[in-house]
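Asks: I have a structure I would like to understand better, so I am pasting it below and will then ask my questions one at a time.
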Amino acid sequence: MATVIDGKAVAQTIRSEIAEEVRALSQKYGKVPGLAVVIVGNRKDSQSYVRMKRKACAELGIKSFDIDLPEQVSESDLIKQVHQLNVNPDVHGILVQLPLPKHINEETVLSEISLEKDVDGFHPLNIGKLAMKDRDPLFLPCTPKACIELLSRSGVSIKGKKAVVVGRSNIVGLPASLLLLKADATVTIVHSRTTQPESIIREADIVIAAAGQPMMIKGSWIKPGAAVIDVGTNAVDDPTKKSGYRLVGDVDFEEASKVAGWITPVPGGVGPMTVTMLLHNTLEGAKRCFEKKH
Ligand code: GUN
Numbered sequence: 001m002a003t004v005i006d007g008k009a010v011a012q013t014i015r016s017e018i019a020e021e022v023r024a025l026s027q028k029y030g031k032v033p034g035l036a037v038v039i040v041g042n043r044k045d046s047q048s049y050v051r052m053k054r055k056a057c058a059e060l061g062i063k064s065f066d067i068d069l070p071e072q073v074s075e076s077d078l079i080k081q082v083h084q085l086n087v088n089p090d091v092h093g094i095l096v097q098l099p100l101p102k103h104i105n106e107e108t109v110l111s112e113i114s115l116e117k118d119v120d121g122f123h124p125l126n127i128g129k130l131a132m133k134d135r136d137p138l139f140l141p142c143t144p145k146a147c148i149e150l151l152s153r154s155g156v157s158i159k160g161k162k163a164v165v166v167g168r169s170n171i172v173g174l175p176a177s178l179l180l181l182k183a184d185a186t187v188t189i190v191h192s193r194t195t196q197p198e199s200i201i202r203e204a205d206i207v208i209a210a211a212g213q214p215m216m217i218k219g220s221w222i223k224p225g226a227a228v229i230d231v232g233t234n235a236v237d238d239p240t241k242k243s244g245y246r247l248v249g250d251v252d253f254e255e256a257s258k259v260a261g262w263i264t265p266v267p268g269g270v271g272p273m274t275v276t277m278l279l280h281n282t283l284e285g286a287k288r289c290f291e292k293k294h
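For what it's worth, full-length UniProt numbering labels the leading residue of the sequence shown as 1, then goes sequentially.
Here it is, written out as structure tokens:
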């Protein structure tokens with residue numbers, strides 16, 4: 001049976017470490033890190049993610065700046081907001097929750113975020129540096145950083161291993177594959193047009209599943225002893241639940257946990273770690289800013 005990686009417990013440990021650093025910064029500089037979380041419209045899933053991010057800030061002593069804009073806001077008004085946050089000295093991180101409404105160009109908006117405040121790591125220059133050898137972005141994207149942190153804190157080495165990333169999204173799959181490459185893995189990306197994905201996944205020592213397909217990856221697809229990090233958070237109908245649904249990953253946990261060496265559960269795996277990495281990035285941004293001014 002696989003070792004189940006307890007993302008909630010690891011996240012709690014790291015959050016205590018961050019809270020301690022925030023206290024120390026507050027004493028040394030009389031200032032705390034600040035994170036602006038911008039949400040446009042009222043998508044239920046985005047609202048729930050944003051609520052979690054703001055709540056986590058409050059718990060750790062990070063000041064959150066809440067910017068809630070209506071669905072109809074124009075691209076130029078959204079960019080104006082971003083510019084205001086760029087020059088606000090109390091804001092050290094800016095996050096624009098994705099996806100944005102169709103009339104707004106995501107690429108244009110993300111490119112306007114100050115590089116020094118790009119705590120999501122989605123600015124094209126940060127992603128570009130992530131892709132290049134011997135260059136380091138100012139911030140690593142939170143979900144891929146969470147995956148790597150879970151592997152390293154579980155004692156799974158990456159160097160020289162065969163890693164397969166399932167999914168090629170800008171938010172998770174693509175940056176996760178770049179981060180694994182930086183950590184010296186041999187990386188393959190499996191996506192919706194890949195033929196026979198199971199035979200490729202079965203070769204992997206490390207699997208990062210970020211396809212957004214409920215329980216797509218079966219136990220028989222997993223190499224015995226592999227480390228499986230499941231980024232999927234898919235709601236499936238469940239009449240036995242009060243809410244009428246439950247969350248499942250991209251991996252069939254029941255089957256895969258009998259074959260894998262390590263596996264993350266859903267919920268309670270990558271999810272709590274992603275928000276923690278955002279807080280960590282905000283702390284890093286604030287530290288760079290405070291230290292520069294002294
Ligand atoms: N939407 C889904 N995941 C994310 C994320 O990590 N950051 C932002 N900004 N939006 C998202």
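The C-beta atom is built at its ideal place from N, Cα and C for all residues, glycine as well.
Mark residue 297 as exposed unless 16 or more other C-beta atoms lie within 10 angstroms of its C-beta, in which case mark it buried.
Replies: In the structure as shown, the chain begins at 1 and stops at 294. Residue 297 is therefore absent and cannot be evaluated.
Asks: Looking at V109 and I158, is the spacing between their C-beta atoms short of 8 Å?
Replies: Result no, Cβ atoms of I158 and V109 do not sit closer than 8 Å.
Asks: Cutting at 7 Å between CB atoms, please list the residues of its own chain near K55, excluding the five before and the five after it.
Replies: Closer than 7 Å at the Cβ level, and outside the excluded window around K55, lies no residue.
Asks: In chain order, what residues have a CB nearer than 6 Å to some heavy atom of the ligand GUN?
Replies: Here the residues come out as L95, V96, Q97, L98, D120, C142, T143 and I171.
Asks: Out of curiosity, what's the CA-to-CA distance linking S26 and T276?
Replies: Near 19 Å, if we compare the C-alpha coordinates of T276 and S26.
Asks: Across which residues does DSSP place K223 in a beta bridge pair?
Replies: Paired residues: none, contrary to the question.
Asks: Figure out for me which residue from V259, G232, I14 and A185 has the closest Cα to the Cα of S220.
Replies: Nearest C-alpha to S220: V259.
Asks: Could you check what DSSP says for R246 in three-state terms: helix, strand or coil?
Replies: Strand, per DSSP.
Asks: Going by DSSP in three states, L140 sits in which element: helix, strand or coil?
Replies: Three-state result, L140: coil.
Asks: Tell whether a beta-carbon distance below 8 Å holds between P144 and P175.
Replies: Going by C-beta atoms, P144 is nearer than 8 Å to P175.
Asks: Could you check if K293 is buried or exposed, using at least 16 other CB atoms within 10 Å of its CB as the buried criterion?
Replies: Burial call: exposed.
Asks: How far does the beta strand (DSSP E) with K133 in it extend, from its first residue to its last?
Replies: That residue, K133, is in no beta strand (DSSP E); it is neither H nor E in DSSP.
Asks: Kindly indicate which residue of P99, L60, T188 and C147 has the alpha-carbon position closest to the one of E20.
Replies: For E20, the nearest C-alpha among the options comes from L60.
Asks: At a cut-off of 7 Å, is A211 close to the ligand SAM when judged by its beta-carbon and the heavy atoms of the ligand?
Replies: The ligand content of the structure shown is limited to the ligand GUN, which means the ligand SAM is not among them.
Asks: Quick check on the DSSP output: what are the complete beta strand (DSSP E) runs of length 3 or more inside the segment 85–133, in order along the chain?
Replies: DSSP runs (the beta strand (DSSP E)) wholly in the segment 85–133: 93–96.
Asks: Relative to the C-alpha of A210, which residue among S192, A58, R202 and R153 is closest?
Replies: It is S192 whose Cα lies nearest to the Cα of A210.
Asks: In the structure shown, what three-state DSSP assignment does D66 receive?
Replies: If DSSP states are grouped into helix, strand and coil, D66 belongs with the strands.
Asks: Grouping DSSP H, G and I as helix and E and B as strand, with all else coil, what is D230?
Replies: In the structure shown, D230 sits in a strand (DSSP, three-state: E or B).
Asks: Which whole-angstrom value describes the C-beta separation of G269 and D237, a residue pair presumed to lie in contact below a C-beta threshold of 8 Å?
Replies: Their Cβ separation, rounded to whole angstroms, is 22 Å, which puts G269 and D237 out of contact at 8 Å.
Asks: Under the three-state reduction of DSSP, which class applies to I79: helix, strand or coil?
Replies: DSSP places I79 in helix when its eight states are reduced to three.
Asks: Excluding the five sequence neighbours on either side, which residues of its own chain have a C-beta within less than 7 Å of the C-beta of P272, listed in chain order?
Replies: For P272, where only same-chain residues beyond five positions count, the Cβ hits under 7 Å are G7, K8 and A11.
Asks: Let me make sure I understand the geometry here. Which of T3, P33 and V73 has the alpha-carbon closest to that of C289?
Replies: Ranking the options by Cα distance to C289, first place goes to P33.
Asks: In the DSSP assignment, find the unbroken beta strand (DSSP E) run with A163 in it and report its ends.
Replies: Element bounds for A163: K162 to V166.
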